[in-house]
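Report on the structure given below.
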Amino acid sequence: MKLKLFITLWLVLLFPSANAWVSVGSSPGYGTCTYTSIQQALNAGASEIRVLNNQDFVENLVIDYAVDVKGGYSSCLSATLNLTENTKTVIKGSASLGSSVVTIDTINNPIVSLSKLVLQDATDTIFVVNGGHGIDIGDSNGLIEITDLEITNNHSDNGGGIYVGATVGGTLQLVITDTLINQNSANNRGGGIFCAEDDTIIRVSGNSLITENNAEEGGGIAALNGCRVTVDSGSSLTPNAGSRGILDNSASLRGGGIYLNSAAQLWLQGNKYGFNIFGNNVDPVTVSNNKTQGEGGGIYAANSSSIEIIEGFISSNWAFGGHGGAIFLDSSTTTPVTLSMKTSGKKCWHPSRCSILSGNHASDYGGAIFMKGGADVEIENTYIMGNFADFGTAVYVSGLGGSGASASIESSYLYGNGSNGGDSTYDYYMIRGNGDVSINLLHNTIADNDVNNTRAVIGINDSSLTIKNTIFRNVGETVLESSGTNFTEFSCLISNENSSIPANVIDPEFIDEVNHNYHLSSLSPAIDLCTIVSAVTLDADNDIRAWDDPTAYNNGVNYIYDAGADESYINDIIFKNSFH
228 MKLKLFITLW LVLLFPSANA WVSVGSSPGY GTCTYTSIQQ ALNAGASEIR
278 VLNNQDFVEN LVIDYAVDVK GGYSSCLSAT LNLTENTKTV IKGSASLGSS
328 VVTIDTINNP IVSLSKLVLQ DATDTIFVVN GGHGIDIGDS NGLIEITDLE
378 ITNNHSDNGG GIYVGATVGG TLQLVITDTL INQNSANNRG GGIFCAEDDT
428 IIRVSGNSLI TENNAEEGGG IAALNGCRVT VDSGSSLTPN AGSRGILDNS
478 ASLRGGGIYL NSAAQLWLQG NKYGFNIFGN NVDPVTVSNN KTQGEGGGIY
528 AANSSSIEII EGFISSNWAF GGHGGAIFLD SSTTTPVTLS MKTSGKKCWH
578 PSRCSILSGN HASDYGGAIF MKGGADVEIE NTYIMGNFAD FGTAVYVSGL
628 GGSGASASIE SSYLYGNGSN GGDSTYDYYM IRGNGDVSIN LLHNTIADND
678 VNNTRAVIGI NDSSLTIKNT IFRNVGETVL ESSGTNFTEF SCLISNENSS
728 IPANVIDPEF IDEVNHNYHL SSLSPAIDLC TIVSAVTLDA DNDIRAWDDP
778 TAYNNGVNYI YDAGADESYI NDIIFKNSFH
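Going from the sequence shown to our numbering is simple: count from 1 and add 227.
So this is what it looks like as structure tokens:
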């Protein structure tokens, strides 16, 4: 075996030209590399370039063909044997002021791969229009794969970390895997990533982290003009979970984490997708701790842009000077801006809470969500908790910027939002509808929200409000405050009071309200209280609705739906014995 290995090594060293790869660097040990600079290897047209990590390369690379550039080799010998280590190869883009560390300009549908590299220190200049990116993807198509990279400390007008310009003659796919994009900045948009092409698809995957980037709009990511972005990276952010996702980015105007405009599309995928090829069910997709001085601490979307969140963890984002702590949905000149947030119905990262919108703050309106101008929101199977704002600690639906904004929340838990003004915000209303807007609340459990004592849990003005099959448990709080001309529709409600809404005033008998377990106990009067009001067939735990509990009294035919977010199976002996 040793003889065979020796012969193989001898042949490789004796006939390096027979291999499709070349090496770059100055070796500290045995062996000699092919080139001393990376651009030399690119100019020679090498298809695979293995770069040593024992020195910093001060270069501004230009790639115009299909190539695989790999760092992490400790010596020319390790490059020969194709043995990498964890230490990445550093490429500094400071050789030419205003140039990017890497410029990719290819139009023949190539595959360009970059791995185990650190791309840093590119700086913009007034003499170059939008220069200074970590990676500048110009007139390109094909597939660009970025794996195990660090893109850091780059500065430009747009896209400090990565700039995606025009696509030519087909679709451009940019796949970012296990990559750190941090501490980049942009004067305008996209501190981490900028994309403005409808033929561009970006996927951020695996253990990727976009963090501590900043811009005016889109501290982490800015997507415009139909650009399609999918993110499946994230973690629960518990002490041992690690940091992944869109975290700790900032924007001075809009979209601390992500900025969307002009029909951009965002998918946040927290489960397996694409025929179970991509993603995982161990971690959520995470947008957390992002900040703005204006609108949309986590995400800002305008002008026909769309957001779909599956198994998302949207937490602790801040809008210090404006609206929408987590998400701001702005007006649109054509089709509405849309948000869908729900679960996949499959096993997820958490035993019960697959979709979470928590701990977000807005100094003005909409602690979790602010929406206006005909925006459309559909939220299902989500925990909305611990959010704060002056008005609408959880959700603010505004008629500004055009009529018809619509918010539908179903099979969700809304609790612990607001603290009666004790958190530097007024905490007026948990849900606020103001203007020609529509709010639909079906099969929700709304409990222990601490709104300002001078206001109610829900406040509407000149709005439409429908509440059905829902539990209110906010002791000492008024449920509804109305002003102006409103349309309201209520059915099958349990509440702590019935002076503001028609409801059964009775204790819903939660399993453990003190510890926020709002599932129904075996004696709950909410069991089999209601009839069908929705096409959604799953409760907040992804259990099938309309189980007829044989121990519960039915009000009539088809009254087999439980009020609230939980469809209880606690009295089913099969489920009691863990056969569920």
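Here a beta-carbon is modelled for each residue, glycine too, at the ideal position from N, C-alpha and C.
All figures in this text were calculated on a predicted structure; none of them were measured in a lab.
Check each candidate in the options and name the one with the smallest Cα separation from residue i.
i, options, result
"residue 185", "728, 313, 386 and 467", "Within the shown structure, residues of the chain are numbered from 228 to 807, placing residue 185 beyond reach of any answer."
"residue 646", "684, 752, 311 and 721", "684"
"residue 282", "263, 586 and 655", "263"
"residue 349", "389, 671, 651 and 394", "389"
"residue 798", "748, 772 and 785", "748"
"residue 616", "472, 524 and 269", "524"
"residue 758", "732, 788 and 742", "788"
"residue 534", "494, 412 and 426", "494"
"residue 310", "279, 330 and 322", "279"
"residue 315", "324, 597, 361 and 342", "342"
"residue 496", "480, 462, 478 and 486", "462"
"residue 401", "431, 414 and 416", "431"
"residue 764", "276, 651, 547 and 571", "571"
"residue 363", "421, 260 and 680", "421"
Let me confirm a value: residue i is counted as buried when at least 16 other C-beta atoms fall within 10 Å, else exposed. Which label applies?
i, result
"residue 756", "buried"
"residue 574", "exposed"
"residue 657", "buried"
"residue 637", "buried"
"residue 306", "buried"
"residue 726", "exposed"
"residue 502", "exposed"
"residue 735", "buried"
"residue 247", "exposed"
"residue 527", "buried"
"residue 591", "buried"
"residue 529", "buried"
"residue 634", "buried"
"residue 723", "buried"
"residue 733", "exposed"
"residue 704", "buried"
"residue 412", "buried"
"residue 750", "exposed"
"residue 230", "In this prediction, residue 230 scores a pLDDT of 40, lower than 50, which makes its location untrustworthy; the coordinate-derived value is nonetheless stated afterwards. By the neighbour-count rule (16 or more Cβ atoms within 10 Å), residue 230 is not buried but exposed."
"residue 794", "buried"
"residue 313", "exposed"
"residue 465", "exposed"
"residue 423", "buried"
"residue 796", "buried"
Span of the beta strand (DSSP E) holding residue i?
i, result
"residue 422", "420–422"
"residue 478", "477–481"
"residue 347", "344–347"
"residue 427", "427–432"
"residue 384", "382–385"
"residue 354", "Looking at the DSSP string, residue 354 is not in any beta strand (DSSP E), and its letter there is neither H nor E."
"residue 368", "367–374"
"residue 710", "705–710"
"residue 225", "Since the displayed the chain opens at 228 and closes at 807, residue 225 lies outside it and no answer follows."
"residue 416", "412–416"
"residue 248", "248–251"
"residue 299", "294–300"
"residue 319", "316–319"
"residue 470", "Looking at the DSSP string, residue 470 is not in any beta strand (DSSP E), and its letter there is neither H nor E."
"residue 409", "407–409"
"residue 592", "588–592"
"residue 772", "Taken as a continuous stretch (DSSP letters only), residue 772 belongs to no beta strand (DSSP E), as it is neither H nor E."
"residue 722", "714–722"
"residue 456", "455–458"
"residue 279", "275–279"
"residue 363", "362–364"
"residue 450", "448–451"
"residue 765", "Note, residue 765: premise wrong, no beta strand (DSSP E); not H, not E."
"residue 564", "Careful: residue 564 lies outside any beta strand (DSSP E) and carries neither H nor E."
Can you tell me where the alpha helix (DSSP H) holding residue i begins and where it ends?
i, result
"residue 306", "303–308"
"residue 265", "265–270"
With 8 angstroms set as the bound, which would you pick, yes or no: does the beta-carbon of residue i sit closer than that to a beta-carbon of chain D?
i, result
"residue 694", "The structure shown has no chain D; it contains just one protein chain."
So, do the stretch 768–784 and the stretch 622–632 have three or more beta carbon pairs nearer to each other than 8 angstroms?
no
So within the stretch 481–548, which uninterrupted alpha helix (DSSP H) runs reach at least 4 residues, ignoring any that extend past its ends?
none
Hey, is the stretch 441–453 in contact with the stretch 407–421, meaning 3+ C-beta pairs nearer than 8 angstroms?
yes
To test your reading of the DSSP string, which unbroken beta strand (DSSP E) runs of 3 or more residues are found completely within the stretch 629–698?
633–637, 640–642, 658–661, 665–669, 672–674 and 683–688
Three or more C-beta pairs closer than 8 angstroms, one from the stretch 502–519 and one from the stretch 557–565: is that the case here?
no
Taking contact to mean 3 or more Cβ pairs, one atom from each stretch, closer than 8 angstroms, check whether the stretch 264–271 and the stretch 331–350 are in contact.
no
Should the stretch 563–572 be called in touch with the stretch 593–603, which here means at least 3 C-beta pairs below 8 angstroms?
yes
With a floor of 3 residues, list each beta strand (DSSP E) that falls wholly inside the stretch 574–629, ordered by position along the chain.
583–585, 588–592, 596–598, 603–607, 610–612, 615–618 and 622–625
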